[in-house]
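Trainee: Note that UniProt numbering has the sequence shown beginning at 1, numbered continuously upward. This is the structure I want to talk about, given as structure tokens.
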Amino acid sequence: MIKKAELTNAYKKNIWRVLLLIILNGLLLLSIASGSVSAKSHRIKSKVDNTVPMTVQVLPKLPPDNLGGRHLGYFVLPMVDHKERKETVRLYNPTNQTIKIRFKAADATTNNNGSVDYTGAHAVDHSLLKKPASSMIKVPQSLKLKPQAGRSVTFTVKNVADNFKGQKAAALNIIADGVNANRSSIRNRYVYAIGVVLQGEKLPKRQLQRLKVSGIDVGLTKAKKAAIRVKLANPDATYLKQTKLQVKLVNRKYHFFKYQDVKKDLKIAPNSSFKDDILLGGKRLVPGVYRLTMTAKTDRYHQTATKYVEITKNKARFINAHNYLYLKYRNRLLIGLLVLLIIVAALTIGLRRRFKRRKKDLNE
């Protein structure tokens with residue numbers, strides 16, 4: 001047996017060793033800190049790059065007859081009785097480098113889930129728009145704008161679609177290319193979009209065809225979330241603003257299988273199509289025939305439309321296999337059921353053994 005005095009001496013030695021290590025570590029940290037402080041006074045200053053970050057200032061010169069006034073910041077041009085219009089945009093280069101500027105006319109399209117794109121990111125749906133606004137706009141030629149210089153450029157709108165009704169929407173894309181540093185090999189590109197809305201004859205409300213459901217699909221969003229994708233189309237030559245869109249799918253055979261979504265403050269471009277995503281979350285998608293009800297409230301009209309659509313087994317199987325939340329909840333449920341079965345089996349076996357033991361004791 002080890003004596004109590006020996007244990008006490010060993011304990012004291014360990015304490016002194018720990019204290020010594022703490023002191024040594026403290027001295028080491030102090031020396032490192034003092035070294036870093038003294039090093040600050042010996043820093044070498046690099047040469048400052050005086051290149052101004054690449055940008056360009058754009059000012060549209062709105063005409064006196066611009067619909068909505070001259071304070072809008074974009075063109076709304078009446079085209080009735082106008083065969084041709086010439087409009088001006090003022091450019092200014094505030095930087096100390098030459099900037100190359102190009103021009104492109106891009107038709108307004110609608111992004112999925114209801115916002116307007118003016119950069120040409122989506123192709124025009126020619127089944128809805130026969131003569132797009134971009135075909136009526138002649139853009140200026142590309143140019144180079146010197147440092148601290150300004151310049152006015154003119155674009156032309158030719159009314160090739162005589163007596164058209166409603167609106168044709170596009171944007172003049174001003175594309176500036178340059179670098180942000182003299183020694184940089186990376187070129188940057190900035191796109192400035194100025195709206196150009198061409199206003200034709202008034203489109204009466206009774207002639208509006210209204211928002212339509214053109215089909216249904218399943219897929220993954222850009223964020224890799226599983227969704228039912230409802231295909232919608234605005235066949236009218238008018239913007240739909242402040243739109244509240246509600247879409248509901250109810251299984252025709254089993255009504256408790258339903259999926260729905262509500263979105264507010266959507267903006268839809270004239271004569272455009274887009275998709276509305278109904279996120280599944282942790283729900284399982286069940287195949288079958290569904291009753292689809294679409295309710296739209298816009299600044300132009302209120303509308304409810306109904307359509308029967310089918311979700312096939314292959315589509316349901318695909319989306320369920322790629323629905324992370326559903327797979328996570330399903331696996332948790334399976335694990336929970338397995339644990340429950342094990343507990344029930346263990347209790348059953350235990351009770352049977354206890355019953356047999358008790359019966360044996362009674363027989364004895």
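The beta-carbon is built from N, C-alpha and C at its ideal position, and this holds for glycine as well.
Straight-line CA distance for Ala193 to Ile268?
Mentor: Roughly 17 Å between the two C-alpha positions.
Trainee: Look up Met294 in the DSSP assignment and give the residues it is bridged to.
Mentor: Met294 is bridged to Val247, Ala305.
Trainee: Suppose contacts are defined by Cβ-Cβ distances below 8 Å. Is Asn314 in contact with Leu280 by that definition?
Mentor: No.
Trainee: Classify Gly114 as helix, strand or coil using the three-state DSSP reduction.
Mentor: Correct three-state label for Gly114: coil.
Trainee: How many Å lie between Leu91 and His82 at the Cα?
Mentor: Computed Cα separation, rounded: 26 Å.
Trainee: For Gln141, write down the residues that DSSP places opposite it in a beta bridge.
Mentor: Note: Gln141 sits in no beta bridge, so no partner.
Trainee: Using a Cβ-Cβ cut-off of 6 Å (strictly less than) and excluding sequence neighbours within five positions of Gly120, which residues of its own chain qualify?
Mentor: Closer than 6 Å at Cβ, skipping near neighbours: Ala106.
Trainee: So, are the CB atoms of Ala227 and Ile311 less than 8 Å apart?
Mentor: Taking 8 Å as the Cβ cut-off, Ala227 and Ile311 do not qualify as a contacting pair.
Trainee: Using a 10 Å radius around the Cβ and a threshold of 16 neighbouring Cβ atoms, would you call Gly166 buried or exposed?
Mentor: Buried, because 16 or more other Cβ atoms sit within 10 Å of the Cβ of Gly166.
Trainee: Can you tell me which of Val230, Val76, Tyr254, Phe318 puts its alpha carbon nearest to the alpha carbon of Gly114?
Mentor: Ranking Val230, Val76, Tyr254, Phe318 by Cα distance to Gly114 puts Val230 first.
Trainee: Can you tell me which of the three DSSP states Val286 falls into?
Mentor: Val286 falls in the coil class under three-state DSSP.
Trainee: Can you tell me where the beta strand (DSSP E) with Ala105 in it begins and where it stops?
Mentor: Element bounds for Ala105: 99-107.
Trainee: List the endpoints of the continuous beta strand (DSSP E) containing Ala149.
Mentor: Note, Ala149: premise wrong, no beta strand (DSSP E); not H, not E.
Trainee: Start and end of the beta strand (DSSP E) containing Lys61?
Mentor: Note, Lys61: beta strand (DSSP E), 57-61.
Trainee: Measure the C-alpha to C-alpha separation of Thr88 and Thr55 and round it to an integer number of angstroms.
Mentor: Each residue's alpha carbon lies about 20 Å from the other.
Trainee: Output the distance between the C-alpha atoms of Val262 and Lys205, rounded to the nearest integer angstrom.
Mentor: Their backbone Cα atoms lie some 25 Å apart in a straight line.
Trainee: Arg352 to Ala345, Cα distance in whole Å?
Mentor: Going from the Cα of Arg352 to the Cα of Ala345 covers about 11 Å.
Trainee: Just reading off the beta strand (DSSP E) that Ala227 is part of, what are its end residues?
Mentor: Here the beta strand (DSSP E) through Ala227 covers 226-234.
Trainee: Out of curiosity, what's the CA-to-CA distance linking Ile342 and Ala316?
Mentor: C-alpha separation (whole angstroms): 32 Å.
Trainee: How big is the Cα-Cα spacing for Pro147 and Val58?
Mentor: Cα-Cα distance, rounded: 15 Å.
Trainee: Count the C-beta pairs between the region 94-103 and the region 148-165 that are closer than 8 Å, then say yes if the count reaches three, no if not.
Mentor: Short answer: they touch.
Trainee: Between which two residues does the beta strand (DSSP E) carrying Arg90 extend?
Mentor: Arg90 -> beta strand (DSSP E) spans 84-92.
Trainee: So, helix, strand or coil for Ala133, using DSSP?
Mentor: Helix at Ala133.
Trainee: With DSSP as the reference, please indicate the residues paired to Pro78 in a beta bridge.
Mentor: Paired residues: Gln199.
Trainee: Which of the three DSSP states is assigned to Lys47 in this structure?
Mentor: Note that Lys47 scores 45 on pLDDT, short of 50, meaning its location in the model is unreliable and no value can be drawn from it.
Trainee: For the alpha helix (DSSP H) that Phe318 lies in, which residues bound it at each end?
Mentor: First-last of the alpha helix (DSSP H) with Phe318: 313-321.
Trainee: Would you mind sorting Lys199 into buried or exposed? The rule is 16 or more other CB atoms within 10 Å of its CB.
Mentor: Here residue 199 turns out to be Gln, not Lys, going by the sequence shown. Counting Cβ neighbours within 10 Å, Gln199 comes out buried, since at least 16 surround it.
Trainee: Going by DSSP in three states, Asn271 sits in which element: helix, strand or coil?
Mentor: In this structure, Asn271 counts as coil in the three-state DSSP scheme.
Trainee: Assuming Leu172 and Tyr301 form a contact by the criterion Cβ under 8 Å, report the distance between their Cβ atoms to the nearest whole angstrom.
Mentor: No, Leu172 and Tyr301 are not in contact; Cβ-Cβ is about 30 Å, not under 8 Å.
Trainee: Which residue from Leu232, Leu77, Gly73 puts its Cα closest to that of Leu67?
Mentor: Here the closest residue by C-alpha is Leu77.
Trainee: Just to confirm my understanding: we take Lys253, look at its own chain, exclude 5 residues before and 5 after, and list those with CB closer than 8 Å. What are they?
Mentor: Closer than 8 Å at Cβ, skipping near neighbours: Gly288, Val289.
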